[in-house]
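Trainee: Take 114 as the starting number for the sequence shown in the numbering used here and just add one per residue.
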Amino acid sequence: MNTKFSKLSFTIAVSTAMIASASLASPTVVSFSDATATSTSGSFVADNAIDKNKNTHWEADTDGASITARFGSCQRVDDLVLNWYGTNKYTYSVQLSKNNGATWTTVVSKTSGKGNKNAQNVTDQAANAIKVVGDTDSRLRIDELKVNSLGSTNGCTSSGTSNTSNGENSGTSNPSTGEVSGGNAQYPADVLDLSKWKLTLPISLNSPPNSNKATEIKQPQLKTYTNSEYFRLNAAKNGVLLKAIAGGARTSTNTAYPRSELREMQGDGTESAAWSCTNTDHGMYLEQTLLHTTTKKPEATIGQIHDSKNDLVMVKYVGPSFANGSTDIGKLEARFNNDNITKLLDSTYKIGDPMTIDTAVTSGGNVTVNYKNLRSGVRSSTGTVKMTGIIGSCYFKAGMYIQACSKTDIYNNTNTVCANKNLSANKYETDPYAYAEIEVRKITLR
């Protein structure tokens, strides 16, 4: 990988038109709700560009990368100031959206823009999201993205899902971002880019059902697959619900816990992904919300790196004793190397809080997990942890891997592996339909 980069720093000034007979007020800094990018180098995620910390940055590792930031309110934009570090010439565009990224309007387009400070006038218009698309011969880097405003305005809507592709999107899959605009969605694959994933469900479609043979859905069937109970669109059609039950079908005779989970694939989506755990760079970005957990043992794994045998990385929710499963406050942890290392991500995660999780693997088997709670603003990073005891190749998993079980499953068979865990009696789910559910709004591989 090319280790050289061009340092890039944007300051975007947003102002309102002067009201007759009134003088302009001092500008105020707009608070962003979140930021996303089409390309990320290691742990240098998009949120770093909006955290008001000059010691952090977003860095891309591909040409043509873009970053999108959503405002906390509707602003009236009429000029842009881009501060580029250095004197390189850049090909870039600036796009605005007044529906949180459902559609975009290009307001600046430069095929040979100068570096350093660029001021651009645009037609006065309302917007609640901005996207900057850059193209250079080396990496792009944004230390800080700031929006100043002299006032809010009307004319924006909150509908639509964000889309950081190079142009507008009205409901078709965008492989670079892992999401689409959800307005016309019929299937989960209309909202998430599932072209490189396989789905495992907590049910058996065998006849008769086999408790140890959970159903798998691969491409091309996954393009138009939905299950009204375990894998479906949310009501807003901008996210996918994955639900697992304590007494569901498992993947093998050695597994205690059911899952409604995505497994990384490659090629046309029919071949299992198997990348080097130590010699390549890989990453997975998730935007999701934990909606419900079981109550006897309120635990759920909601993101993983797995090798041929080991749980190298698990992002896990652990709820409180006497949980209700719907409004609990628990903790989120990143666990490494079969639970030998635990890093706390959020000590007060409340079920229903939207979050982002960015997992980055770099050469040498080093991995970093970056987390942000989009409600509370809590941010954390595990720092670099070395994966050890690696067996074979690696792949990502996402969705709901419930960490609870019932001794008798929904097919009235005994879950022997579950029973042999010898948990205390109050840790076994007595209802095989006790469930955990997660809403995934974005999933991106790199």
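Just so you know, even glycine gets a beta-carbon here, dropped at the ideal spot from N, CA and C.
Taking buried to mean at least 16 other C-beta atoms within 10 Å of its own C-beta, is ILE418 buried or exposed?
Mentor: Under this definition ILE418 is a buried residue.
Trainee: Which value, in whole angstroms, describes the spacing of the CA atoms of MET131 and ARG189?
Mentor: In this predicted model, MET131 has a pLDDT of only 39, less than 50, meaning its place in the structure is not dependable enough to derive any value.
Trainee: Between which two residues does the alpha helix (DSSP H) holding ALA532 run?
Mentor: 529-532
Trainee: Hey, how far is the Cα of ALA348 from the Cα of GLY502?
Mentor: If I take the Cα positions, the gap works out to 43 Å.
Trainee: Is it right to say PHE435 is buried, meaning 16 or more other beta carbons lie within 10 angstroms of its own, or is it exposed?
Mentor: PHE435 comes out exposed.
Trainee: Kindly indicate the opening and closing residues of the beta strand (DSSP E) around MET500.
Mentor: For MET500, there is no enclosing beta strand (DSSP E), since its DSSP letter is neither H nor E.
Trainee: So, SER519 versus GLY360, is the Cβ gap smaller than 8 Å?
Mentor: yes
Trainee: What distance in whole Å lies between the Cβ atoms of GLY505 and SER421, which are believed to be in contact at a cut-off of 8 Å?
Mentor: Their Cβ separation, rounded to whole angstroms, is 3 Å, which keeps SER421 and GLY505 in contact under 8 Å.
Trainee: Please state whether DSSP places ILE163 in a helix, a strand or coil.
Mentor: In the three-state DSSP reduction, ILE163 falls in the helix class (H, G or I).
Trainee: Give the list of continuous beta strand (DSSP E) stretches no shorter than 3 residues that lie fully inside the region 322-374.
Mentor: 344-346, 353-358
Trainee: Over the uninterrupted beta strand (DSSP E) stretch that includes TRP217, give me the two end residues.
Mentor: Looking at the DSSP string, TRP217 is not in any beta strand (DSSP E), and its letter there is neither H nor E.
Trainee: Tell me the rounded alpha-carbon separation between TYR548 and ILE415.
Mentor: Going from the Cα of TYR548 to the Cα of ILE415 covers about 14 Å.
Trainee: Could you check whether LYS555 and TYR398 sit closer than 8 Å to each other, using their CB atoms as the reference points?
Mentor: yes
Trainee: Could you tell me which residues DSSP pairs with TYR508 in its beta bridges?
Mentor: HIS419
Trainee: Looking at the secondary structure, which residues open and close the beta strand (DSSP E) in which TYR398 lies?
Mentor: 395-405
Trainee: Could you please give me the residues that DSSP links to ILE63 through a beta bridge?
Mentor: This structure does not reach residue 63, given that the chain is present from 114 up to 559, and the question cannot be answered.
Trainee: For ALA240, count the other beta carbons within 10 Å of its own beta carbon; 16 or more makes it buried, fewer makes it exposed. Which is it?
Mentor: buried
Trainee: Could you check whether the region 459-474 touches the region 441-450, counting it as contact only if at least three pairs of C-beta atoms, one from each stretch, sit closer than 8 Å?
Mentor: yes
Trainee: Is there contact here, the region 306-316 with the region 326-334, by at least three beta-carbon pairs under 8 Å?
Mentor: yes
Trainee: Spell out the partners DSSP gives ILE316 in its beta bridges.
Mentor: ILE316 is not bridged to any residue.
Trainee: Just mark ARG488 as buried or exposed, buried being the case when its beta carbon has 16 or more other beta carbons within 10 Å.
Mentor: Burial call: exposed.
Trainee: Only counting the same chain, and skipping five residues up and downstream in sequence, which positions put a Cβ closer than 7 Å to that of ALA298?
Mentor: Same-chain partners within the cutoff: GLY284, VAL304, LEU346, LYS350.
Trainee: Taking only three categories from DSSP, how would you classify ALA549?
Mentor: strand
Trainee: Tell me whether LYS499 is buried or exposed, calling it buried when 16 or more other Cβ atoms sit within 10 Å of its Cβ.
Mentor: exposed
Trainee: Could you tell me which of LEU335, GLN334, LEU354, GLN332 sits nearest to SER341, measuring between CA atoms?
Mentor: LEU354
Trainee: Pull up the distance between the alpha-carbon of SER146 and that of GLU412, whole angstroms please.
Mentor: 28 Å
Trainee: Do three or more CB pairs link the region 373-387 to the region 403-412 at distances below 8 Å?
Mentor: Cβ pair count under 8 Å is below three, so no.
Trainee: Is the beta carbon of GLY214 closer than 8 Å to that of ALA242?
Mentor: yes
Trainee: Hey, how far is the Cα of THR478 from the Cα of LYS429?
Mentor: Checking the sequence, you will find Gly at residue 478 rather than Thr. Their Cα atoms are separated by approximately 21 Å.
Trainee: On the CB-based measure, 16 or more other CB atoms within 10 Å of its CB, does THR337 come out buried or exposed?
Mentor: exposed
Trainee: When we look at the beta-carbon of VAL142 and count the other beta-carbons within 10 Å, is it buried (16 or more) or exposed?
Mentor: exposed
Trainee: The ligand NAD and SER493: does any heavy atom of the ligand fall closer than 7 Å to the residue's C-beta?
Mentor: The ligand NAD is absent from the structure shown, which contains no ligand whatsoever.
Trainee: Could you give the first and the last residue of the continuous beta strand (DSSP E) run that contains ASP147?
Mentor: 145-150
Trainee: Just curious, the beta strand (DSSP E) that ASP424 is in, first and last residue?
Mentor: 424-431
Trainee: Determine the contact status of SER156 and THR481, defining contact as a CB-CB distance below 8 Å.
Mentor: Taking C-beta atoms as the reference points, SER156 and THR481 count as a pair closer than 8 Å.
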